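For the sequence shown, position 344 matches number 354 in the numbering used here, and the numbering has no gaps at all. By construction, the Cβ of each residue, glycine as well, lies at the ideal position given by its N, Cα and C atoms. These numbers come from a predicted model, not from an experiment. Structure record follows, encoded as structure tokens.
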Amino acid sequence: MRPEISAVVESPLVQIATAAEAMPGSIKLCYGESDMPTADFICRAADEAARAGHTFYTHTAGAPELREAIAGKIRELQGVSYRPSEVMATVGGTMAIHVALRALVGRGDNAVIVSPAYSIYVNSVAMSGGESRQVPLAANGARFSLDLDRLERAIDAHTRVLVVNSPSNPTGWMMTADEQRGLAAIAARHGVTVLSDEVYERLTFDTDIAPSMARWIDDKDRLIVVNSFSKTYNMTGWRLGWAQASESIIRTLYKAAEFITSNPASIVQQAGIVALRGGEDYVRDLRTHYAARRAQVTAALGTLPGVVLPEPMGAFYAFPRIAGVTDSTTFAAELLRATGVAIAPGAAFGPSGEGSIRLCFAAGEATITEALERLVGYLSSTGPRRPGL
Ligand SMILES: Cc1ncc(COP(=O)(O)O)c(C=O)c1O
Numbered sequence: 011m012r013p014e015i016s017a018v019v020e021s022p023l024v025q026i027a028t029a030a031e032a033m034p035g036s037i038k039l040c041y042g043e044s045d046m047p048t049a050d051f052i053c054r055a056a057d058e059a060a061r062a063g064h065t066f067y068t069h070t071a072g073a074p075e076l077r078e079a080i081a082g083k084i085r086e087l088q089g090v091s092y093r094p095s096e097v098m099a100t101v102g103g104t105m106a107i108h109v110a111l112r113a114l115v116g117r118g119d120n121a122v123i124v125s126p127a128y129s130i131y132v133n134s135v136a137m138s139g140g141e142s143r144q145v146p147l148a149a150n151g152a153r154f155s156l157d158l159d160r161l162e163r164a165i166d167a168h169t170r171v172l173v174v175n176s177p178s179n180p181t182g183w184m185m186t187a188d189e190q191r192g193l194a195a196i197a198a199r200h201g202v203t204v205l206s207d208e209v210y211e212r213l214t215f216d217t218d219i220a221p222s223m224a225r226w227i228d229d230k231d232r233l234i235v236v237n238s239f240s241k242t243y244n245m246t247g248w249r250l251g252w253a254q255a256s257e258s259i260i261r262t263l264y265k266a267a268e269f270i271t272s273n274p275a276s277i278v279q280q281a282g283i284v285a286l287r288g289g290e291d292y293v294r295d296l297r298t299h300y301a302a303r304r305a306q307v308t309a310a311l312g313t314l315p316g317v318v319l320p321e322p323m324g325a326f327y328a329f330p331r332i333a334g335v336t337d338s339t340t341f342a343a344e345l346l347r348a349t350g351v352a353i354a355p356g357a358a359f360g361p362s363g364e365g366s367i368r369l370c371f372a373a374g375e376a377t378i379t380e381a382l383e384r385l386v387g388y389l390s391s392t393g394p395r396r397p398g399l
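So this is what it looks like as structure tokens:
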């Protein structure tokens, strides 16, 4: 086996989830998804699509109507113009990220990644034979911010891409306009492409939407935006996402995708069109639901001694730092054993995530209430002598 592939480590999230599944009464808050089923109008659309004969291959980049619907949604939400040929449907945001990083990074190259971050970036870069340079967010008490100087210092002549995810998994941090402007300027100064992962763009709490990097970078040869249906429409298992960039980049990416996954499932693409056209009320309700869950989490953890909780501005994760925890993986295992609550260790998101835990608050009210009671009880009883100390 090639070392680039065999060196990929199983996600600690999978390990925690597997252990939780074997425990009766456990609560799984370790994955990035809600426990709500996909909306009925989307399921019906898939059913109808199957019966209407949408059961054949489509163009690798997706059916024309889907690419049009995505381009239309980008215009409607972000006020930027992308043609359908500048959009490519993918098997989840995952595929878009992977194929983009494979296309950009090779042996001898590096990718600069704003961290803590979803582990797909470092793993895709590793599978490409490249080097990841993780640049930690600055943590000022209970606030994260982008350290632009540090980011720029990490770039050298071998840097091919700058990866940023806002709203962020796992921190809930959302880029400010100044940070977006600064990042765009750095990328332009060094001639580096930006990969902007915007899968949580709709899940924001204090604004209607997270502004896309496409508002700041006009040159579509220098920006690849990744998005997904997974989080916006509770369609994680359906595997539908997209990439947007210049026509020439999109053509390069779909030529490669042809021999990796080919097109996303035809039936799912049709359901995606219906979600985009008729999903606004659904998204509004979802945001209200997650805002209430965020309020529950911040009320329970925000003032707990020994816990520093940066307020999540978007996505559906809380990423508290727990005083005394230096091995979050051991802490997560002990927490699961003692309380049945499965969370993700901060270390799963890179070295700068160590000392924190990630709790996904996308579940229903009763589940979050129960999980928080158990977690707060555990933190209060273990005090400063915590596992992982
Ligand atoms: C930041 C981020 N990007 C991309 C993805 C991939 O999502 P999907 O492949 O389901 O679209 C996830 C999933 O958790 C994520 O958190």
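Quick one, which of the options has its alpha-carbon nearest residue i's?
i, options, result
"Leu87", "Phe341, Phe326, Leu286", "Leu286"
"Tyr410", "His299, Thr313, Gly316, Val235", "Examination of residue 410 is not possible in this model, given that the chain is present from 11 through 399 alone."
"Gly72", "Ala357, Ile277, Gly42, Ala333", "Ile277"
"Ala79", "Gln254, Pro361, Gly365", "Gln254"
"Ser272", "Pro221, His69, Thr336", "His69"
"Ser44", "Thr313, Arg303, Val335", "Arg303"
"Ala164", "Val145, Thr377, Arg170, Ala55", "Val145"
"Ser125", "Val293, Gly363, Leu385", "Gly363"
"Val19", "Val90, Thr298, Ile130, Ile353", "Ile130"
"Leu296", "Met137, Gly140, Met245, Arg54", "Met245"
"Val312", "Gly365, Thr169, Pro221, Leu382", "With the sequence shown as reference, residue 312 is identified as Gly, and Val is not the correct amino acid for it. Closest by alpha carbon: Leu382."
"Arg153", "Ile219, Pro330, Ala281, Ile378", "Pro330"
"Asn175", "Gln190, His200, Glu208, Asn150", "Glu208"
"Thr262", "Glu14, Leu39, Ser95, Ala81", "Ser95"
"Gly50", "Ala376, Gly289, Gly334, Val386", "A small fix is needed here, since residue 50 is Asp in this sequence, not Gly. The shortest Cα separation from Asp50 among Ala376, Gly289, Gly334, Val386 belongs to Gly289."
"Leu345", "Tyr243, Leu158, Ser21, Leu39", "Leu39"
"Val317", "Leu385, Thr298, Gly360, Ile260", "Leu385"
"Thr217", "Thr377, Ala187, Ala310", "Ala187"
Between residue i and residue j, which are expected to be in contact by the criterion C-beta below 8 angstroms, what is the C-beta distance as a whole number of angstroms?
i, j, result
"Thr100", "Trp248", "Incorrect: roughly 12 angstroms between the Cβ atoms, too far for contact."
"Ser240", "Gly102", "6 angstroms"
"Ser155", "Leu147", "7 angstroms"
"Met323", "Phe215", "6 angstroms"
"Ala352", "Ala127", "With a Cβ gap of about 21 angstroms, Ala352 and Ala127 do not count as contacting."
"Val115", "Val135", "5 angstroms"
"Thr340", "Gly365", "In fact, because the Cβ distance is near 12 angstroms, the residues do not count as touching under 8 angstroms."
"Met105", "Ala267", "7 angstroms"
"Ile26", "Glu380", "Contact flag wrong, Cβ pair sits at about 18 angstroms."
"Tyr264", "Met11", "With 8 angstroms as the limit, Tyr264 and Met11 do not qualify as a contact, their Cβ atoms being about 28 angstroms apart."
"Val109", "Ile270", "7 angstroms"
I'd like to check one pair, residue j with residue i: are the Cβ atoms closer than 7 angstroms?
i, j, result
"Gly35", "Gly374", "no"
"Pro355", "Ser338", "yes"
"Ala358", "Leu76", "no"
"Trp226", "Ala275", "no"
"Leu369", "Ala328", "yes"
"Glu140", "Asn120", "Sequence inspection shows Gly at residue 140; the Glu mentioned does not correspond to that position. Yes, the pair counts as a contact, with Cβ atoms nearer than the cut-off."
"Met184", "Ala220", "yes"
"Ala224", "Val90", "yes"
"Val293", "Thr242", "yes"
"Gly282", "Leu250", "yes"
"Leu158", "Gly192", "yes"
"Glu1", "Met137", "Residue 1 lies beyond the residue range present for the chain, which begins at 11 and ends at 399; the question has no answer from this structure."
Less than 6 angstroms between C-beta atoms, sequence neighbours within five positions excluded: which residues of the same chain meet that for residue i?
i, result
"Leu172", "Val122, Ala197, Val202, Val204"
"Ala325", "Pro177, Asn179, Gly182, Tyr210, Leu213"
"Ala32", "none"
"His64", "Ser276, Ile277, Gln280"
Can you name, in chain order, every residue of its own chain whose Cβ lies under 7 angstroms from the Cβ of residue i, other than the five neighbours on each side?
i, result
"Thr308", "Leu319, Glu321"
"Ala301", "Phe215"
"Thr377", "Ile37, Asp45"
Going by beta carbon distance, what residues of the same chain come within less than 8 angstroms of residue i, once the five residues before and after it are set aside?
i, result
"Ser258", "Asp231"
In chain order, which continuous runs of the alpha helix (DSSP H) of length 4 or greater are located wholly inside the stretch 132-163? none
Completely contained beta strand (DSSP E) runs for the stretch 165-218, where each covers 3 or more residues: 169-175, 203-207
4 or more residues per run - each alpha helix (DSSP H) lying fully within the stretch 12-63: 13-16, 22-31, 50-61
Going along the chain, which unbroken runs of the alpha helix (DSSP H) with 4 or more residues stay wholly within the stretch 322-355? 338-349
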